[in-house]
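Residues in the sequence shown are numbered from 2 upward in steps of one, following this note's numbering.
What follows is one structure encoded as C-alpha cells, with my remarks underneath.
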Amino acid sequence: MAQAQGCSIFLVLFLTFSPGGAFYLYVVERCQSSSNDGHDAVLLDQIYFNKMLEGQYNSTVGIAIGYTEKAEEIAKILNKSPGFMRHQVWKTNLCKRNVPLAQKLLTPVEPYVWLRLEKAEYSQHQQMLICSAYDFYPKQIRVTWLRDGKEVTSDVTSTEELPNGNWLYQIHTYLEFTPKPGEKITCMVEHASLKEPNLYDWEPEPDSKRSKIVVGSAGLLLGLLISIAGFIYYKITSNGRMRVPTTEDVCPEETL
Ligand SMILES: *[C@@H]1O[C@H](CO)[C@@H](O)[C@H](O)[C@H]1NC(C)=O
2 MAQAQGCSIF
12 LVLFLTFSPG
22 GAFYLYVVER
32 CQSSSNDGHD
42 AVLLDQIYFN
52 KMLEGQYNST
62 VGIAIGYTEK
72 AEEIAKILNK
82 SPGFMRHQVW
92 KTNLCKRNVP
102 LAQKLLTPVE
112 PYVWLRLEKA
122 EYSQHQQMLI
132 CSAYDFYPKQ
142 IRVTWLRDGK
152 EVTSDVTSTE
162 ELPNGNWLYQ
172 IHTYLEFTPK
182 PGEKITCMVE
192 HASLKEPNLY
202 DWEPEPDSKR
212 SKIVVGSAGL
222 LLGLLISIAG
232 FIYYKITSNG
242 RMRVPTTEDV
252 CPEETL
C-alpha cells in the first residue's frame, strides 16, 4: 500500500468588494507540495479581478506574469522591485519549511466501511454486493473484492474517490455475483490510515429471516408455556386447590 501522498494547499484569500458590489478583487496564495519534506513546494500567488485571472507569481518561474495589458505593466514594475522579489523568496521558503508541519496536522483518517447486499437489476447475476468506505483521508485508497482469498476482477465496478467537501472522501465498489454455497466473499480495504488491509467478510445467510422467525416463535411458545405453568403452580400452592371462577367472581355486585 502506498504511503500517504503529501499534498498541502494553504489558501490565503483577500477579498475586496466595491461599494456597489459589482466588482471584486481577490488574491489567492497557495503553497503546494506533493512530498512530505516540502522540497518540491511551490508558491503560487494569483490575482483575480471579476473572476478573471489577471496575473500570477509562480515560484518555479520566479517572476510575476500579467495576463492583461494593465497587469503586465504592474508585473514589470514588481519584477524590477528587489523588495517584492525578496518578499516572494521569503514566502517560498516559509512554504517549504511549513510543509512537514502541515503533513503532521493532516493525519490519515480511517474509513468507515459498510458492506451490504442488494438485488442486481439488469444483470445476468442475481445479486450485488456494495462495499462503501466513508470519511477517509487522504484520498488514495484501494478497495478490492476477494473470493475465497483470491482477488476478483470481473463484474466489479467502482466509483472514483468522491470528495465530501470537508477534506474527507468516500468510495463505493460493486460486485455483481451469483451466490454459491460455501463461498467466502470479502471486501478488502487498503489505506494509509491502516497498518494492515482491513477485511470485511460477507456472511451469506440465505434463510436468516425464516430461521429468525422459527427461533422467535419457539421462544414465544416456550415462554407462554412456562408462564402458564407458573400461574397454575401459583394458584395450586396459594389456595391448596385450583379456583374455578363462579358467578360471584364474575359479577359480584349483582349478587348484592
Ligand atoms: C508553476 O510553474 C511550473 C513551471 O512552469 C509549472 O510546471 C507548474 O505547473 C506551475 N504551477 C502551477 C500551480 O501553476
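Positions of the beta carbon are idealized from the N, C-alpha and C atoms, including for glycine.
Short of 6 Å from the beta carbon of Thr69, and not among the five residues preceding or following it, lie these beta carbons of its own chain, in chain order: Glu55. Here DSSP, grouped into helix, strand and coil, assigns Ser194 to coil. Judged by their CB atoms, Pro101 and Ala193 are not nearer to each other than the 7 Å cut-off.
Taking non-hydrogen atoms of ligand 1 into account, the C-beta of Leu45 is found less than 6 Å away from one of them. Proximity to Tyr123 across Glu177, Leu106, Arg117, Ser133 peaks at Glu177, based on C-alpha coordinates. If you check the CB distance, Asn59 and Leu45 come in under 7 Å. Take Glu184, set aside five residues on each side of it, and the residues of its chain with a beta-carbon closer than 7 Å to its own are Arg148, Asp149, in chain order. With fewer than 16 other CB atoms across the displayed protein chains lying within 10 angstroms of its CB, Val62 is exposed.
Ligand 1 has no heavy atom closer than 6 Å to the beta-carbon of Val100. In the DSSP assignment, the residues bridged to Ile186 are Arg148, Trp203. Closest option to Cys132, judged by alpha-carbon separation, among Thr174, Tyr49, Ser35: Thr174.
Each residue's CA atom was taken as its position, placing Tyr234 and Gly224 some 15 Å apart.
Separation of Tyr135 and Asn99 (C-alpha to C-alpha, rounded to the nearest whole angstrom) is 29 Å. In this structure Trp168 is exposed. Its beta-carbon is surrounded by fewer than 16 other beta-carbon atoms within 10 angstroms. Within the same chain, Arg148, Trp203 come within 6 Å of Ile186 by CB-CB distance, once the 5 residues on both sides are set aside. Relative to ligand 1, the beta carbon of Thr61 is positioned inside 6 Å of a heavy atom. Restricting attention to Gln171, Gln89, Phe24, the CA atom closest to the CA of Pro139 is found in Gln171. Runs of the beta strand (DSSP E) lying entirely within the stretch 98 to 145 and spanning at least 3 residues, in chain order: 113 to 120, 128 to 137.
Under DSSP, Thr158 forms a beta bridge with Tyr175. Membership of Leu45 in the beta strand (DSSP E) is indicated by the continuous run 43 to 50. Here the C-alpha atom of Glu111 lies approximately 28 Å from the C-alpha atom of Cys96. If you check the CB distance, Asn37 and Gln104 come in under 7 Å. Under the criterion of beta carbons closer than 8 Å, Thr145 and Met86 do not qualify as touching, at roughly 50 Å. Here Gln127 is near Thr179, since their CB atoms are less than 7 Å apart.
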